[in-house]
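These notes are about the structure you will find just below.
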Amino acid sequence: MLDEMQPTEFAQINLAYNRVFRPGRLSIGLVLPLESYAVGAEPTLRGHLEAAQKAEKLGFAALWLRDVPFNVPSFGDPGQVFDPFVYLGALATATDRIALGTSSVILPLRHPAHVAKAAATADELSGGRLLLGIASGDRPEEYPAMNQSYDDRGARFRDSVEYIRAVGSDYPTHENAQGTLSGGIDLLPKPHGTRLPMLITGGSQQTPDWVAQNGDGWMTYPRNALAQGQVIADYRQRVKAAGQPNKPVMQSLYVDVVADPAAPPRPIHLGFQSGTDFLCKYLSEIETLGVNHVALNLRFNQAPIDATLDHLADVVLPHFS
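Under the working numbering, think of the first position of the sequence shown as 31, with each following residue one higher.
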């Protein structure tokens, strides 16, 4: 349940953060690519910019890009294939209003100076529409390919978050394992808003208290209602105990939307197949539990994606606009 003792507003960070995340309300976004493809297959990416523009026109709140450096067959999903920051630049010019998010950049596999510069560039080019989801990574095969160790990725994740925060200020002074900032150089551009809004994915090899204190929000996964309500309440209690302002929670959800609105739910990977009646009921329930945004993944959708986007916009979005 929503904690009525929490402050009612989220911090003012940038345009995307404060449009997508509203206390006590749920918004709906989409995970790219907007097409269905089988486990082990690669998406075609045909008409991907047109699909993003359609999602914006229909009123979806955000588009989410994944960071998958290598196609690992055992993982079963190459993501949207394109480098997320190059893709963000293309999407920034192809769209005008929709938020653009990463879910999530694997910080231990990138130097934080490159992440900070690329993210601030995307934020500036899009007029403040960037949401920077970050994670420690879960594909061990990628680490030796970049001469990085897997077991200490949590420490590098922490250092990277601190470094990215540091270079958001002018001529910063900061030192950790990722590098030394002497105060005599500056990283440009600066974010469009007050800072880069960083959303931490899952635990990212950190303690729950660290996640609550250091992120601007939390990205988590689908659970049953009882468990989801408990973990969200725990997260927000830790935020409050750290003396932090209220912070948003978002989750992912795979859906396969069928034509019959009354079709009952059937479990699929990290989500369900159902009609829109159950989907709306589920989304209303997680809104009550304190989820502020859900990123729908249509990878396993059996109906044509174009038609499903129209169907969702006609039937589901009006309940959560």
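Beta carbons: idealized from backbone N, C-alpha and C, even for Gly.
*Residues near Ala146 in its chain [Cβ-Cβ closer than 8 Å; skip 5 each side]*: To locate residue 146, count along the sequence shown from 1; it is residue 116. Excluding sequence neighbours, Ala146 sits near Tyr193, Ile194, Val197, Gly198, Leu217 and Leu226.
*asked:* Quick test of your reading: Gln208 and Pro142, contact by CB under 8 Å. State the CB separation rounded to the nearest angstrom.
replied: Here the question's residue 208 lines up with position 178 in the sequence shown. Here the question's residue 142 lines up with position 112 in the sequence shown. The C-beta distance from Gln208 to Pro142 rounds to 5 Å, short enough to meet the 8 Å contact threshold.
*Contact between the region 284-294 and the region 154-167 (3+ Cβ pairs under 8 Å)*: These segments do not touch.
*Since Leu256 is in the beta strand (DSSP E), which residue starts that stretch and which ends it?*
Residue mapping note: residue 256 aligns to position 226 of the sequence shown, counting from 1. Per DSSP, Leu256 lies in no beta strand (DSSP E) segment; the continuous alpha helix (DSSP H) that holds it begins and ends at Ala255 to Ala271.
*With respect to the beta strand (DSSP E) encompassing Val285, which residues constitute its N-terminal and C-terminal limits?*
The residue given as residue 285 occupies position 255 in the sequence shown. Taken as a continuous stretch (DSSP letters only), the beta strand (DSSP E) holding Val285 covers Val279 to Val287.
*Alpha carbon to alpha carbon, what distance is there between Asn44 and Pro219?*
Locating residue 219 in the sequence shown gives position 189, where the first residue counts as 1. Locating residue 44 in the sequence shown gives position 14, where the first residue counts as 1. For Pro219 and Asn44, the distance between alpha carbons rounds to 15 Å.
*Is Leu162 helix, strand or coil by DSSP?*
Walking along the sequence shown from the start, residue 162 turns up at place 132. If DSSP states are grouped into helix, strand and coil, Leu162 belongs with the strands.
*Roughly how many angstroms separate the alpha carbons of Glu39 and Arg55, rounded to a whole number?*
Residue 39 sits at position 9 when you count from the first residue of the sequence shown. Residue 55 sits at position 25 when you count from the first residue of the sequence shown. Those two C-alpha atoms are separated by around 11 Å.
_C-alpha distance - Asp97 paired with Gly158, whole-angstrom precision_ = Start at 1 with the first residue of the sequence shown, and residue 97 comes out as number 67. Start at 1 with the first residue of the sequence shown, and residue 158 comes out as number 128. Spanning the two alpha carbons is a distance of roughly 20 Å.
*Taking the alpha-carbon positions, what's the Gly184 to Leu326 distance?*
Stepping through the sequence shown from its first residue, residue 184 is reached at position 154. Stepping through the sequence shown from its first residue, residue 326 is reached at position 296. If I take the Cα positions, the gap works out to 28 Å.
*With distances taken between CB atoms, is the gap from Val346 to Gln281 smaller than 9 Å?*
For the purposes of this step, residue 346 is taken as the residue at position 316 of the sequence shown. For the purposes of this step, residue 281 is taken as the residue at position 251 of the sequence shown. Between Val346 and Gln281, the C-beta gap is not smaller than 9 Å, which leaves the two residues out of contact.
*How close, in whole Å, do the beta carbons of Leu121 and Leu93 come, if the pair is a contact with beta carbons under 8 Å?*
Taking the sequence shown and counting its residues from 1, one reaches residue 121 at position 91. Taking the sequence shown and counting its residues from 1, one reaches residue 93 at position 63. So it is a contact: roughly 7 Å between Cβ atoms.
*asked:* For a test of the three-state rule: what should DSSP assign to Asn327, helix, strand or coil?
replied: Counting from 1 along the sequence shown, the entry for residue 327 is found at position 297. Secondary structure of Asn327 (DSSP, three-state): strand.
*From Asp246 to Ser66, what distance separates their C-alpha atoms?*
Looking up residue 246 in the sequence shown gives position 216. Looking up residue 66 in the sequence shown gives position 36. Each residue's alpha carbon lies about 31 Å from the other.
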